[in-house]
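Taking it in order: structure first as structure tokens, then the write-up.
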Amino acid sequence: MTMAQKRLIPRLLQLALVVLGVYFSFILVFDVLLGQLIPKSLLTMYMVFVVSGVVMVFTFTEEGTQELVGPIKALVEDPSKKMLRNVVFVIVPLLAGYYTYTSMLPSFEAPMELRTIHPAPPSKFKAFGKSYNLTTLENPYRKFQKDDPAKFRELVKAGGDVYIKNCQYCHGDKLDGKGPYASGLNPTPLNFQDVGTIAQLQESFLFWRIATGGPGLPAEAAPWISSMPVWQNFLTEDEIWKVILYLYDYTGRQPRSWAHE
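Counting in the working numbering, the sequence shown runs from 1004 upward without gaps.
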């Protein structure tokens, strides 16, 4: 009796079980245990490597190759398997067509190209008809946080009013990127509650991104996808600075300072 005859599980089925096992392990580890959704594009890339590696292992020997391709060869050539062959030849094209169809539907996942949350800002930019130097630019209202706490609270409240009227539709009333319009944008708006967003930035960076929006991104940052409007066309300079105060105050973060860089 050959080794192939002794196997309780056919070689082809073993390969399928291993690939499926790895796939669901990714889902279990990232989605369930870590609570982090793995992007479909990244999962697809991982599975391409997994399938390639598993096939190489299963076909390492001549005997292994024969065991793996034997059932496929029999399905195609054996006259007694005509009915099964016809069923397979109908199901496989249908599955391929379904996958192609679903892959062409609009998706709200992060794009396959690398998206950097914080693009490299220019040293200078123009907004509101004047030039700003990002390396020295500071929020003119930040000083009131220590000098006049009562006035600072008024400024924060004013910034919150501007945010609710203009920004919460995308970024959400909880600043979590889950506003009522968020699902219609690709990629979805940033979650300001995430420690990896505004907590890592100077206020001057936020001023630049808000004032100039997606069109203001530098060409060298491409490929970039951003739905951020050019808010200097709708808000005043003071309103943007007040909104920035509100963003940090609501999230409980403190902006990074050039003095500590």
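Note that the Cβ used here is the ideal one computed from N, Cα and C, for glycine as well.
- The C-alpha of serine 1186 lies about 10 Å from the C-alpha of glycine 1180.
- If you draw a straight line from the Cα of phenylalanine 1195 to the Cα of valine 1095, it comes to about 44 Å.
- For tyrosine 1135, the uninterrupted beta strand (DSSP E) segment begins and ends at 1133-1136.
- In the three-state DSSP reduction, glutamine 1196 falls in the coil class, being neither helix nor strand.
- With fewer than 16 other CB atoms across the displayed protein chains lying within 10 angstroms of its CB, asparagine 1089 is exposed.
- DSSP lists Tyr1135 as the bridge partner or partners of phenylalanine 1128.
- Not a single unbroken stretch of the beta strand (DSSP E) spanning 3 or more residues falls wholly within the region 1225-1259.
- A direct Cα-Cα distance of roughly 12 Å separates leucine 1248 from aspartate 1164.
- Residue pairing by DSSP puts glutamine 1205 in a beta bridge opposite Arg1259.
- Per DSSP, reduced to three states, the secondary structure at cysteine 1170 is coil, with no helix or strand assignment.
- At the C-beta level, serine 1207 and glycine 1217 stay beyond 8 Å of one another.
- The DSSP-derived three-state label of alanine 1099 is helix.
- Within the region 1139-1166, complete alpha helix (DSSP H) segments of at least 4 residues are found at 1147-1150, given in chain order.
- When the Cα atoms are used, leucine 1238 and valine 1058 turn out to be separated by approximately 58 Å.
- In this structure serine 1126 is not in contact with leucine 1140, their Cβ atoms being roughly 10 Å apart against a cut-off of 8 Å.
- Here leucine 1016 carries a helix assignment [DSSP, helix/strand/coil].
- Lysine 1177 and serine 1044 have their C-alpha atoms roughly 28 Å apart.
- Judged by their CB atoms, lysine 1245 and alanine 1161 are nearer to each other than the 8 Å cut-off.
- Boundaries of the alpha helix (DSSP H) harbouring lysine 1076: 1065-1080, taken from the DSSP string.
- Going by DSSP, valine 1053 is part of the alpha helix (DSSP H) stretching over 1043-1061.
- The Cβ-Cβ distance between valine 1060 and valine 1025 does not fall below 8 Å.
- Nearest in C-alpha terms to proline 1183, of all of Val1022, Leu1071 and Tyr1172, is Tyr1172.
- Rounded to whole angstroms, the gap between the alpha carbons of leucine 1250 and lysine 1154 is 17 Å.
- Here alanine 1214 is buried: its Cβ has 16 or more other Cβ atoms, across all protein chains shown, within 10 Å.
- Shown here, aspartate 1176 sits in coil according to DSSP, grouped into three states, outside any helix or strand.
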